[in-house]
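Have a look at the structure below, then the notes.
There are 2 protein chains.
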Amino acid sequence: MTATMPTEVSATQALVRPALRDAVATLEPAMRRIVGYHLGWTDERGEAVEGGGGKALRPALALLAAQAVGARPEPALPGAVAVELVHNFSLLHDDVMDGDTERRHRPTVWRLFGTPAAILAGDALLTLAVEVLDAAGDRTASRCLTTAVRRLIEGQSADLDFEHRATVGVEECLRMEDGKTASLMACAAELGALLGGAGGPAVSALGDFGRNLGMGFQLVDDLLGILGAPEVTGKPVLADLRVRKKSVPVVAALSSDTGSAAELREFYRREQVPSETDVRRMAALVEQTGALTWTRRRARRYVADAEAALAAVDPPAGIRAALAELTRFVVERDR
Amino acid sequence: MTATMPTEVSATQALVRPALRDAVATLEPAMRRIVGYHLGWTDERGEAVEGGGGKALRPALALLAAQAVGARPEPALPGAVAVELVHNFSLLHDDVMDGDTERRHRPTVWRLFGTPAAILAGDALLTLAVEVLDAAGDRTASRCLTTAVRRLIEGQSADLDFEHRATVGVEECLRMEDGKTASLMACAAELGALLGGAGGPAVSALGDFGRNLGMGFQLVDDLLGILGAPEVTGKPVLADLRVRKKSVPVVAALSSDTGSAAELREFYRREQVPSETDVRRMAALVEQTGALTWTRRRARRYVADAEAALAAVDPPAGIRAALAELTRFVVERDR
Chain H
1 MTATMPTEVS ATQALVRPAL RDAVATLEPA MRRIVGYHLG WTDERGEAVE GGGGKALRPA
61 LALLAAQAVG ARPEPALPGA VAVELVHNFS LLHDDVMDGD TERRHRPTVW RLFGTPAAIL
121 AGDALLTLAV EVLDAAGDRT ASRCLTTAVR RLIEGQSADL DFEHRATVGV EECLRMEDGK
181 TASLMACAAE LGALLGGAGG PAVSALGDFG RNLGMGFQLV DDLLGILGAP EVTGKPVLAD
241 LRVRKKSVPV VAALSSDTGS AAELREFYRR EQVPSETDVR RMAALVEQTG ALTWTRRRAR
301 RYVADAEAAL AAVDPPAGIR AALAELTRFV VERDR
Chain R
1 MTATMPTEVS ATQALVRPAL RDAVATLEPA MRRIVGYHLG WTDERGEAVE GGGGKALRPA
61 LALLAAQAVG ARPEPALPGA VAVELVHNFS LLHDDVMDGD TERRHRPTVW RLFGTPAAIL
121 AGDALLTLAV EVLDAAGDRT ASRCLTTAVR RLIEGQSADL DFEHRATVGV EECLRMEDGK
181 TASLMACAAE LGALLGGAGG PAVSALGDFG RNLGMGFQLV DDLLGILGAP EVTGKPVLAD
241 LRVRKKSVPV VAALSSDTGS AAELREFYRR EQVPSETDVR RMAALVEQTG ALTWTRRRAR
301 RYVADAEAAL AAVDPPAGIR AALAELTRFV VERDR
C-alpha cells in the first residue's frame with residue numbers, strides 16, 4: 001500500500017522551506033554545507049539537488065494546527081521551523097549513536113563528514129531551533145519546545161538502555177516511543193495552536209492530536225523496521241531485527257506467552273551478529289506471536305484517538321480534511 | 001608557579017553548587033547518574049565523592065559580575081548555572097569528538113558509559129541550560145546564552161577544520177579561540193550584569209572583561225597543552241603536539257620566519273603518529289621560534305585589557321579584589 005503526502009501538506013512545505021532556508025543561512029558556511037546536505041538540499045559536493053528535502057511532517061502539523069484554530073499559517077512559521085530543526089538535530093545525533101551509515105538512500109553525515117562534524121551540526125541545529133522560536137517572543141512556546149526536547153532525549157536514553165536489558169515491558173516501551181517521537185509531534189501541533197493565538201483547551205486538544213498521531217506514526221515505523229523493503233524505506237531489510245532493536249512489536253512479541261516468543265527470546269539472548277537465516281526466522285517468529293497484528297491494531301487506536309482529539313477543536317472543513325489526509329498518510333505509508 | 005582559586009571565588013561555589021544540583025536533579029535518573037559522574041560529584045559506581053567538582057570559573061564570573069554592578073549574587077544564579085551547564089555540554093561532546101579518554105584524572109564519560117550516552121548527556125545539559133535561564137524570564141539574557149553557544153560551536157567547528165588544513169593564520173586562530181572559549185566567559189559576565197539589573201554600558205564592559213579574561217585563559221591553556229606536566233594538568237605531557245593540534249602558540253610558531261618553523265612544519269606535514277623523540281623535538285622547535293614567549297606576552301595583554309574593561313565599571317572594592325584575584329589565577333595557574 002503506497003500513500004503520498006496530501007496536497008495541503010505539500011502546500012505548507014512552500015511556506016516552510018524558505019523560512020527553514022533563512023534560518024539555516026545564519027549558520028557559518030562550513031556548517032551550512034553539512035546541514036544543507038543532511039536536509040537533502042545539496043549533494044555530497046555541495047551542489048543543489050532538485051526536489052530535495054524530507055517529508056517535513058512536523059512543520060506541516062504546526063501550520064495546519066494554526067489554521068485549525070482559525071489563524072493564518074504564517075504566525076506559526078517559527079514553531080514549524082523550530083520543530084523541523086529539532087527533528088534534524090535528533091536525526092544527526094541518532095545516526096552517530098546507532099552507527100547508521102545510510103539515511104534517505106544517501107550516506108549519513110557522520111559517514112561522509114565525520115563524527116565530530118555530525119555532533120556539532122546537531123548541536124548547531126538544536127541551538128538554532130531555540131533561537132528561532134525565541135525570536136517569536138512567546139515564552140510558553142519556548143518552554144513547550146525545550147520540554148519536548150527533554151522528553152526526546154529521555155526517550156532516546158531509554159531506547160539505548162533497552163538494548164542492554166534482558167526484559168522490557170510493552171508499557172515502558174510505549175512510554176519510550178512517546179518520548180522519542182510523539183512528544184515532538186505533540187509540540188509541533190501545540191506550537192501551531194499557541195502561535196495561532198488559541199487558548200488552553202484548543203492547544204491541549206491539538207497537543208493530544210499530535211501525540212496520538214506521533215504514536216501511530218512511530219508504531220508504523222516499527223512495523224516498517226521489521227517488514228519494510230529497503231528500496232522504499234532506504235533502510236536494510238529487517239533492519240531492526242538485525243541489530244536486535246527493542247521496538248514495540250518486538251517487545252510485544254518477546255513478552256507474549258507463546259512458543260514462538262521463547263524461540264525469539266533465545267535469538268535476543270545471543271551475542272553474535274544474526275545470520276540472514278536467523279533474521280528471517282526472527283521476523284517469522286515475531287509474526288507468529290501475533291505482535292504485528294497487535295501493533296497494527298494499536299496504531300489504529302492511536303489514530304482514532306487523534307481523530308477524536310481533533311473533533312473537539314472543530315477545525316474549518318478544508319483543514320480538517322488536510323489533517324485527516326495527513327493522518328491517513330501516517331498509517332498507510334510504506335516508508 | 002601554582003595558583004589557587006581565590007576565597008571570594010570559592011564563596012560563590014557555595015551558592016552555585018546547590019543551584020546546579022537542583023537543576024541536574026530534574027533529569028531522569030540514568031542521565032543524572034552520568035552527569036553526576038561527569039561533574040565529579042560521584043565516582044564510577046555512582047557513589048558520592050568528597051570535594052568533587054570542577055573549578056566553576058564561569059559561574060563565579062557570573063556571580064561576581066552581578067556584585068560588580070552593585071547587585072546581590074542570587075539573581076545571577078540562573079545565569080551562573082546556565083553557563084556551567086553549557087560549558088559541561090561542550091566538554092562532553094568535545095571528549096567524544098577528540099577521542100579523549102581522560103578528564104580530571106578520570107575516564108571520560110564516553111569512555112565509561114559509551115559514546116551514545118555522552119552525546120545524549122551533552123544534549124540534555126544544553127537543553128537544561130536553556131530551560132534554567134528561560135525560567136529567569138529575561139529574554140536578553142536568553143539570547144545572550146544562545147548567541148554564546150552558537151559562537152562556541154563555530155569555534156569548535158573551526159578548530160576541527162584547522163586540523164585538516166595545511167596553513168592557519170594567527171588571527172583566525174585567535175578568532176577560533178574567541179569562539180571556543182572567550183564567548184562563553186563573556187556571556188557569563190554579561191549574564192551576571194544583566195540579571196543584576198545593570199544597564200547597557202556596564203553589561204558591555206563586563207562582557208569585554210569576560211572576553212579578554214577568556215582569551216587570556218585559553219592562551220594559558222594552549223601553553224599548558226605544550227608545556228604542562230601530566231600529574232597536574234591531568235593530560236598527557238605535550239598532549240597538543242602529540243595530536244598536532246593547531247593552537248595559537250603552535251600556529252604562531254608554524255607561521256614564524258625561522259629555520260625552526262620550517263622543521264616544525266615538516267613534522268606537521270607527516271601522516272604517522274609522532275614518536276616520543278619527535279614530540280620533544282617539536283616542543284623545542286616551538287620554543288625556539290619564540291612563539292611561547294609571544295603567547296605569554298599576548299595573554300598578559302588580554303589580561304591588561306580585561307583589567308581596563310573592569311575599571312570602567314568601578315566595582316565595589318571587595319569585588320574588584322576578587323575579580324583581580326580571579327584574573328591572576330587565570331594567568332598563573334598550572335592546570
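Just so you know, the protein sequences line up as chains H and R, in that order. For reference, each letter of the first sequence is one residue, going 1 to 335 in the working numbering. For reference, each letter of the second sequence is one residue, going 1 to 335 in the working numbering. Think of the CB as a built atom: it goes at the ideal place given N, C-alpha and C, for glycine as much as any other residue. Remember, it's a predicted structure, so these values are computed and weren't measured experimentally.
message: Just checking: is the beta-carbon of residue 167 of chain R within a distance shorter than 8 Å of some beta-carbon in chain H?
response: So no, residue 167 of chain R is outside the interface.
- request: Report all residues from its chain with a CB closer than 8 Å to the CB of residue 48 of chain R; omit the five preceding and five following residues, and keep chain order.
  value: Around residue 48 of chain R: 41 and 42.
message: Within 8 Å of any Cβ in chain H, is that where the Cβ of residue 78 of chain R sits?
response: Among the residues facing chain H, residue 78 of chain R is not included, as its CB has no counterpart in that chain under 8 Å away.
message: Can you tell me whether residue 26 of chain H is buried or exposed? The criterion is at least 16 other CB atoms within 10 Å of its CB, across all chains shown.
response: Classification of residue 26 of chain H: exposed, given that the 10 Å Cβ count is below 16.
- prompt: In this structure, what does DSSP give as the bridge partners for residue 266 of chain R?
  reply: According to DSSP, residue pairing for residue 266 of chain R in a beta bridge does not occur.
task: Kindly say whether residue 8 of chain R, judged by its beta-carbon, lies nearer than 8 Å to any beta-carbon of chain H.
output: For residue 8 of chain R, the answer is no, since every Cβ of chain H falls outside 8 Å of its Cβ.
message: Between residue 93 of chain H and chain R, is the shortest Cβ-Cβ distance under 8 Å, so that the two count as touching?
response: It does; some Cβ of chain R falls within 8 Å.
- request: Would you check if the region 215–224 of chain R and the region 241–254 of chain R touch, i.e. whether three or more CB-CB distances between them fall below 8 Å?
  value: By the Cβ test, the region 241–254 of chain R is in contact with the region 215–224 of chain R, since at least three Cβ pairs between them sit closer than 8 Å.
task: Determine the burial state of residue 316 of chain H: buried for a count of at least 16 other Cβ atoms within 10 Å of its Cβ, exposed for fewer.
output: By the 10 Å Cβ count, residue 316 of chain H comes out exposed.
task: Classify residue 9 of chain R as buried or exposed, calling it buried when 16 or more other Cβ atoms lie within 10 Å of its own Cβ.
output: So residue 9 of chain R ends up on the buried side.
- prompt: Run through DSSP, which three-state label would residue 2 of chain H get?
  reply: Residue placement at residue 2 of chain H is flagged as unreliable, the pLDDT there being 46, under the threshold of 50; a coordinate-derived value is accordingly withheld.
Secondary structure, alpha helix (DSSP H): runs of 4+ residues fully inside the region 245–299 of chain R: The qualifying runs are 248–254, 259–269 and 276–288.
Where the alpha helix (DSSP H) containing residue 59 of chain H begins and where it ends: Residues 57–68.
- prompt: Mind pulling the chain H residues with CB within less than 8 Å of residue 31 of chain R?
  reply: Neighbours of residue 31 of chain R in chain H, taken as residues whose beta carbon is under 8 Å from its own, are 153, 154 and 157 in chain order.
query: Are there 16 or more other CB atoms within 10 angstroms of the CB of residue 150 of chain H, so buried, or fewer, so exposed?
result: Taking all protein chains shown into account, residue 150 of chain H has 16 or more neighbouring C-beta atoms within 10 Å of its C-beta and is therefore buried.
query: If we count the other Cβ atoms within 10 Å of its Cβ and call it buried at 16 or more, is residue 44 of chain H buried or exposed?
result: Exposure of residue 44 of chain H is indicated by the presence of fewer than 16 other C-beta atoms within 10 angstroms of its C-beta.
message: Looking only at its chain, what residues have a beta carbon closer than 6 Å to the beta carbon of residue 173 of chain H, apart from the 5 residues adjacent to it on each side?
response: Cβ within range, chain order: 248 and 251.
- prompt: For residue 298 of chain H, which residues from the same chain have a beta carbon less than 7 Å from its beta carbon, with the 5 sequence-adjacent residues on both sides left out?
  reply: Only 219 meet the Cβ criterion.
field: Residue burial classification, residue 308 of chain R (beta-carbon count within 10 angstroms, cutoff 16)
entry: Taking a 10 Å sphere around the C-beta of residue 308 of chain R, we find fewer than 16 other C-beta atoms and assign the residue as exposed.
message: Quick check on residue 103 of chain R: does DSSP put it in helix, strand or coil?
response: In the structure shown, residue 103 of chain R sits in a strand (DSSP, three-state: E or B).
query: Does DSSP classify residue 147 of chain R as helix, strand or coil?
result: Here DSSP, grouped into helix, strand and coil, assigns residue 147 of chain R to helix.
task: Anything in chain H within Cβ reach of residue 295 of chain R, meaning under 7 Å, just list it in chain order.
output: Neighbours of residue 295 of chain R in chain H, taken as residues whose beta carbon is under 7 Å from its own, are absent, since the nearest beta carbon is some 25 Å off.
field: Cβ neighbour criterion (16 or more within 10 Å) applied to residue 199 of chain H
entry: Burial call: exposed.
- prompt: Using the beta-carbon count (16 or more within 10 Å), is residue 2 of chain H buried or exposed?
  reply: No answer about residue 2 of chain H holds up, because its pLDDT of 46 lies below 50 and its placement is not dependable.
- prompt: Hey, is residue 97 of chain R's beta-carbon within less than 8 Å of any beta-carbon in chain B?
  reply: No chain B appears in this structure, whose protein chains are H and R.
task: Starting from residue 48 of chain H, follow its DSSP beta bridges and name the residues at the other end.
output: Answer is H:42.
message: Among the candidates R:271, R:169, R:296 and R:267, whose CA atom is the shortest distance from the CA of residue 283 of chain R?
response: Nearest option by C-alpha distance: R:267.
- prompt: Can you list, in chain order, the residues of its chain whose CB lies under 7 Å from that of residue 327 of chain R, leaving out five sequence neighbours each side?
  reply: Cβ neighbours of residue 327 of chain R within its own chain (closer than 7 Å, five residues either side excluded): 213, 303, 306 and 307.
- prompt: Does any CB atom of chain R fall closer than 8 Å to the CB of residue 142 of chain H?
  reply: At least one beta carbon of chain R lies nearer than 8 Å to the beta carbon of residue 142 of chain H.
message: Quick check on residue 20 of chain H - is its C-beta less than 8 Å from some C-beta in chain R?
response: With respect to chain R, the C-beta atom of residue 20 of chain H has no partner C-beta closer than 8 Å.
- prompt: residue 149 of chain H CB to nearest chain R CB: under 8 Å?
  reply: Chain R, which has a Cβ nearer than 8 Å to the Cβ of residue 149 of chain H, makes this yes.
- request: Find out if the Cβ-Cβ distance for the pair residue 215 of chain R, residue 189 of chain R is shorter than 8 Å.
  value: No, the Cβ-Cβ distance between residue 215 of chain R and residue 189 of chain R is not below 8 Å.
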